[in-house]
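Peer 1:
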Amino acid sequence: MTYVLSDIHGNMRRFHSILRQIDLKSEDTLYILGDVIDRHPHGIKILREIMAMPNAKMLLGNHEYMMLRAIGEPYDGPEDIRGREPDELLRLWYRNGGDATHHFWKHTRLVVRAEILDYLKSLPLNIDVVVDGTPYKLVHAAALDRYEEYVPEGHDQETQTHFAVWNREASLDYARLDGYTLVFGHTPTCYITMDNPMCIWREGQRIGIDCGAGWPDEQKISWMMPTNGRLACLRLEDMKEFYSEEPGLELI
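Just so we're aligned, residue 0 is where the sequence shown starts under numbering that gives the first Met the number 0, counting upward by one.
1) Are Gly96 and Arg38 closer than 8 Å when you measure CB to CB?
2) Using three-state DSSP, classify Thr100 as helix, strand or coil.
3) Closest to Glu240 by CA distance: which of Glu114, Phe103, Cys210 and Arg81 is it?
4) Within the chosen definition, does the stretch 27 to 45 reach the stretch 54 to 66 through at least 3 CB pairs nearer than 8 Å?
5) How many angstroms separate the CA atom of Ile273 from the CA atom of Cys198?
6) Just the C-alpha distance for Lys136 and Met0, rounded to the nearest angstrom, thanks.
7) Is the beta carbon of Met66 sitting closer than 8 Å to the one on Trp92?
8) Does the stretch 6 to 21 come close enough to the stretch 41 to 49 to have 3 or more Cβ pairs within less than 8 Å?
9) Return helix, strand or coil for Ser5, following the three-state DSSP convention.
10) Give a yes or no on whether the C-beta atoms belonging to Ala212 and Asp6 are separated by under 8 Å.
11) Provide the residue(s) that pair with Phe183 in DSSP beta bridges, ordered along the chain.
12) Could you tell me which uninterrupted beta strand (DSSP E) segments, each at least 3 residues in length, are contained entirely in the stretch 27 to 85, listed from first to last along the chain?
13) Determine the extent of the alpha helix (DSSP H) in which Ala163 is found, giving its start and end residues.
14) State buried or exposed for Ala69, treating a residue as buried only when at least 16 other CB atoms are found within 10 Å of its CB.
15) Measure the alpha-carbon distance for Ala174 versus Asp144 and round it to whole angstroms.
16) By how many angstroms is the C-alpha of His106 removed from the C-alpha of Tyr179?
17) Between which two residues does the alpha helix (DSSP H) holding Asp117 run?
18) Taking all protein chains shown into account, do 16 or more other C-beta atoms lie within 10 angstroms of the C-beta of Pro73, making it buried, or fewer, making it exposed?
19) For Leu124 versus Ala163, is the C-beta distance shorter than 8 Å?
20) Taking the straight line between their C-alpha atoms, what separation do you get for Leu230 and Gly76?
21) Assuming Cys232 contacts Ile17 under a Cβ cut-off of 8 Å, what Cβ separation, rounded to an integer in Å, is found between them?
What follows is the structure, encoded as structure tokens:
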């Protein structure tokens with residue numbers, strides 16, 4: 000079976016809730032569409048857990064991208080941060096919840112840091128998979144196929160990497176890709192539909208699966224957006240949905 004989830008954001012309880020429900024077998028594959036770290040405190044622990052899973056495959060998310068730049072190990076090499084002040088990059092990361100990850104990182108052994116950095120720098124930006132004859136393009140934020148069309152418009156995505164991990168284009172109607180069903184994270188589904196709690200969003204050949212796991216447990220986002228967050232996972236063979244917070248499911 001083929002499972003897809005995204006935007007864990009350091010929430011170990013929600014991640015393990017999903018793992019218990021899907022009960023991965025050796026022949027299954029779990030695709031994680033980036034943003035494993037930040038906001039909640041256990042991002043590095045979850046990364047190491049994913050790294051040890053032979054049937055888990057991960058994409059680079061904008062939070063991993065921010066982390067690499069902030070600690071001086073940019074995904075695209077030294078040119079990607081040339082002319083950028085280290086404090087500026089660190090502040091950007093912290094504004095997006097990176098302080099929780101950085102605190103743990105500073106207490107991580109150097110040999111483990113090196114393993115994590117090698118892993119993060121090896122991550123792809125998009126993954127193509129075919130399930131039961133249906134082609135899927137798995138992305139964190141945007142499909143690289145759209146990059147050339149987007150760049151001439153003069154937007155601020157300077158590189159393919161920045162575009163793939165930051166741009167919210169996948170959530171927009173014109174982002175369809177001929178021949179593919181697009182599965183994306185990054186943009187919480189509460190910005191597309193008002194389901195409460197957040198649910199996986201499906202429309203035509205686009206599927207959004209970020210259901211707000213990065214927000215606090217059992218707390219609504221704000222009075223302006225009265226929606227509860229949770230971690231979501233989708234099984235592509237039959238479109239079965241799994242959620243970390245389900246009625247009757249004990250929150251442990």
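Backbone N, C-alpha and C fix where the C-beta goes; we use that ideal spot for every residue, glycine too.
Peer 2: By the coordinates alone:
1) Numbered from its first residue, the sequence shown carries residue 96 at position 97. Numbered from its first residue, the sequence shown carries residue 38 at position 39. In this structure, Arg38 lies closer than 8 Å to Gly96 by Cβ.
2) Within the sequence shown, numbered from 1, the residue matching residue 100 stands at position 101. Three-state DSSP puts Thr100 in a helix.
3) For the purposes of this step, residue 240 is taken as the residue at position 241 of the sequence shown. Taking each of Glu114, Phe103, Cys210 and Arg81 in turn and checking the Cα distance to Glu240, the smallest one comes out for Cys210.
4) Taking 8 Å as the limit for Cβ pairs, the verdict is that the stretch 54 to 66 does touch the stretch 27 to 45.
5) With the chain covering 0 to 251 only, the question about residue 273 has no answer from this structure.
6) In the sequence shown, the residue the question calls residue 136 occupies position 137. In the sequence shown, the residue the question calls residue 0 occupies position 1. Going by the C-alpha atoms only, they are around 17 Å apart.
7) Locating residue 66 in the sequence shown gives position 67, where the first residue counts as 1. Locating residue 92 in the sequence shown gives position 93, where the first residue counts as 1. For the 8 Å CB-CB criterion, Met66 and Trp92 form a contact.
8) At 8 Å Cβ cutoff, the stretches touch.
9) Numbered from its first residue, the sequence shown carries residue 5 at position 6. Coil, per DSSP.
10) Locating residue 212 in the sequence shown gives position 213, where the first residue counts as 1. Locating residue 6 in the sequence shown gives position 7, where the first residue counts as 1. Their beta carbons are under 8 Å apart, which means Ala212 touches Asp6 by this criterion.
11) For the purposes of this step, residue 183 is taken as residue 184 along the sequence shown, with counting starting at 1. Beta-bridge pairing links Phe183 to Val138 and Gly207.
12) Counting only runs that start and end inside the stretch 27 to 85, the beta strand (DSSP E) elements of at least 3 residues fall at 28 to 31 and 55 to 57.
13) For the purposes of this step, residue 163 is taken as residue 164 along the sequence shown, with counting starting at 1. Residues Gln159 to Trp165.
14) Within the sequence shown, numbered from 1, the residue matching residue 69 stands at position 70. It counts as buried.
15) Residue numbering aside, residue 174 sits at position 175 when the sequence shown is read from its first letter. Residue numbering aside, residue 144 sits at position 145 when the sequence shown is read from its first letter. Straight-line Cα distance between these residues: approximately 10 Å.
16) Working through the sequence shown from its first residue, we reach residue 179 at position 180. Working through the sequence shown from its first residue, we reach residue 106 at position 107. The straight-line gap from Cα to Cα measures roughly 42 Å.
17) To locate residue 117, count along the sequence shown from 1; it is residue 118. Counting along the chain, the alpha helix (DSSP H) containing Asp117 begins and ends at Leu109 to Lys120.
18) Walking along the sequence shown from the start, residue 73 turns up at place 74. Per the 10 Å Cβ criterion, buried.
19) Reading the sequence shown from its first residue, position 125 is the one you call residue 124. Reading the sequence shown from its first residue, position 164 is the one you call residue 163. For Leu124 and Ala163, yes; Cβs fall inside 8 Å.
20) Position 231 of the sequence shown, counting from 1, holds the residue named residue 230. Position 77 of the sequence shown, counting from 1, holds the residue named residue 76. Taking the straight line from one Cα to the other gives about 32 Å.
21) By one-based count along the sequence shown, residue 232 stands at place 233. By one-based count along the sequence shown, residue 17 stands at place 18. Rounded to the nearest angstrom, the Cβ distance from Cys232 to Ile17 is 5 Å, consistent with a contact under 8 Å.
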